[in-house]
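Residue numbers for the sequence shown follow full-length UniProt numbering, beginning at 1 and rising by one.
Beta carbons are placed, not taken as given, at the ideal position from N, Cα and C, and that holds for glycine.
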Amino acid sequence: MGEYAALVRPRWSDMDAFGHVNHANLVTLLEEARVPLLFDRASSAGLGEFAKGIVVVRLSVDYRAPIVVQGQDIRVVITLRDLRHASFALDYRVHSGPSEADPVAATARTVLAPYDVGGGRPRRLTEREREFLAAALPSGGVDGA
């Protein structure tokens with residue numbers, strides 16, 4: 001499969017006093033980019049447990065350029081960096097506009113773990129979840145993340 005890319009639209013409220021998307025709000029846009037894959041697409045594939053609980057274990061963001069709210073989507077490309085038995089790492093490349101040709105404004109990485117909300121603890125990925133992630137996301141990471 002090719003790379004997974006999501007288009008998300010920064011909101012006026014995401015902007016800070018400097019006229020660009022606030023650094024903390026960019027993290028929310030990363031979440032909005034991955035939710036359709038990990039919740040919607042996974043649920044459609046019969047893997048509803050992701051939607052019941054995934055927690056962010058680690059997060060890092062490298063900001064390269066400001067993202068200005070202009071009423072257009074921004075492109076977020078997601079790749080699978082690492083797949084373990086109880087966690088997985090995703091790399092993100094955030095473009096300042098909707099096209100792959102738009103400049104990269106940020107790169108990021110999250111380490112995520114499936115979570116058993118009822119038990120109050122992380123859980124292991126099932127074999128089907130691991131297969132889904134490996135098939136749905138290209139591996140190799142995003143340069144600079």
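* Between alanine 134 and the rest of its own chain, which residues show a CB-CB distance below 8 Å, the 5 nearest in sequence each way excluded? -> As a first step, residue 134 must be located in the sequence shown, where it is residue number 134. So the list reads Leu80, Leu83, once near-sequence residues are dropped.
* Starting from the C-beta of asparagine 22, find all residues in its chain whose C-beta is less than 8 Å away, skip the five residues before and the five after it, and write them out in chain order. => The count along the sequence shown starts at 1 and reaches residue 22 at position 22. These residues qualify, in order along the chain: Asp14, Met15, Asp16.
* Can you tell which of Gly48, Val94, Leu47 has the C-alpha that lies nearest to the C-alpha of leucine 7? -> The residue given as residue 7 occupies position 7 in the sequence shown. The candidate whose alpha carbon is nearest that of leucine 7 is Val94.
* In this structure, does DSSP put phenylalanine 88 in helix, strand or coil? -> Within the sequence shown, the letter at position 88 stands for residue 88. Strand, per DSSP.
* Asked: By the 10 Å Cβ neighbour count, where 16 or more other Cβ atoms means buried, how is histidine 20 classified, buried or exposed?
  -> Along the sequence shown, read from residue 1 onward, the residue named residue 20 stands at position 20. It is buried - the Cβ of histidine 20 has at least 16 other Cβ atoms within 10 Å.
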